[in-house]
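This report concerns only the one structure given below.
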Amino acid sequence: AALLWATGDTSKEKEATSWDEAGAGAYWAETRLVKAIEAEEAGKPQEAIKWREVATWQQLCCENSTKAALAWKEGKEKEATSWDEAGVGASWAAKQSGFAIKAQDAGKNEEASMWDQVSAKSKEAFQKWMQSAMAYKVGSIDEGKSHDQEGWMASREAYNLITSYCTTQESV
Numbered sequence: 001a002a003l004l005w006a007t008g009d010t011s012k013e014k015e016a017t018s019w020d021e022a023g024a025g026a027y028w029a030e031t032r033l034v035k036a037i038e039a040e041e042a043g044k045p046q047e048a049i050k051w052r053e054v055a056t057w058q059q060l061c062c063e064n065s066t067k068a069a070l071a072w073k074e075g076k077e078k079e080a081t082s083w084d085e086a087g088v089g090a091s092w093a094a095k096q097s098g099f100a101i102k103a104q105d106a107g108k109n110e111e112a113s114m115w116d117q118v119s120a121k122s123k124e125a126f127q128k129w130m131q132s133a134m135a136y137k138v139g140s141i142d143e144g145k146s147h148d149q150e151g152w153m154a155s156r157e158a159y160n161l162i163t164s165y166c167t168t169q170e171s172v
């Protein structure tokens with residue numbers, strides 16, 4: 001990513017950003033695996049399983065961001081955009097699952113439940129964006145657009161769950 005940015009060629013910016021996201025996904029996957037090991041060592045096997053799942057979602061961020069970078073390099077804008085969206089969706093799902101684990105650990109069961117629901121919606125968005133990218137890859141433009149819109153709808157539902165929860169908490 002840094003090498004692409006260093007060239008000063010602004011046409012490579014999206015590709016560079018995707019490579020950067022791929023690296024970040026790999027980094028966060030590693031840190032979540034460390035959390036899994038720590039949970040195991042602390043005698044919390046269920047929490048360790050959850051942290052491993054979070055690491056898997058971060059790895060999916062890395063993989064999809066890599067696919068995006070390669071598609072950007074080949075000039076496949078719609079496909080690249082969908083792979084980027086899938087990478088972001090996977091990253092969001094991982095972060096939200098991490099929030100759920102931390103809330104559960106702190107005894108905040110209602111908050112943990114909300115984050116689990118939000119993460120489920122982000123996972124749904126991820127799936128739709130992956131389907132979009134695969135459709136664009138084989139030239140199915142209408143199908144790609146449809147899955148892309150479905151991904152954004154699921155993402156919006158995740159956002160609405162957070163907003164609703166925060167509004168409820170403010171009124172208490």
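Going by the numbering used here, the residue at position 140 of the sequence shown is 140; the numbering climbs one at a time, nothing skipped.
Note that beta-carbon positions come from the ideal geometry of N, C-alpha and C, so glycine has one too.
Here the structure is a predicted model, which is why all the values come from computation and not from measurement.
>> Quick check on residue 119: does DSSP put it in helix, strand or coil?
In response: DSSP places residue 119 within a helical segment (H, G or I) once states are collapsed to three.
> Could you give the residue range of the alpha helix (DSSP H) that holds residue 42?
Replying inline: Run containing residue 42: none; DSSP gives neither H nor E here.
> Residue range of the alpha helix (DSSP H) that residue 95 falls in?
Replying inline: 77-105 is the span of the alpha helix (DSSP H), which, as asked, contains residue 95.
> Is there contact here, the stretch 99-112 with the stretch 144-160, by at least three beta-carbon pairs under 8 Å?
Replying inline: Note that the stretch 99-112 does not touch the stretch 144-160; fewer than 3 beta-carbon pairs, one per stretch, sit closer than 8 Å.
>> Using C-beta distances below 6 Å, list every residue in its chain close to residue 181, excluding the 5 sequence neighbours before and after it, in chain order.
In response: With the chain represented from 1 up to 172, any question about residue 181 goes unanswered, as that position is not in the structure.
> With a CB to CB cut of under 6 Å and the five nearest residues on each side skipped, what residues in its chain are close to residue 54?
Replying inline: Close CB contacts of residue 54 within its chain, under the 6 Å cut and outside five residues either way in sequence, are with 32, 94, 97 and 98 (chain order).
>> Let me make sure I understand the geometry here. Which of 157, 118 and 80 has the alpha-carbon closest to that of residue 63?
In response: Minimum Cα distance to residue 63 is reached at 80.
>> Do residue 86 and residue 19 have their beta-carbon atoms positioned less than 8 Å apart in this structure?
In response: Not a contact, by the Cβ cut-off of 8 Å.
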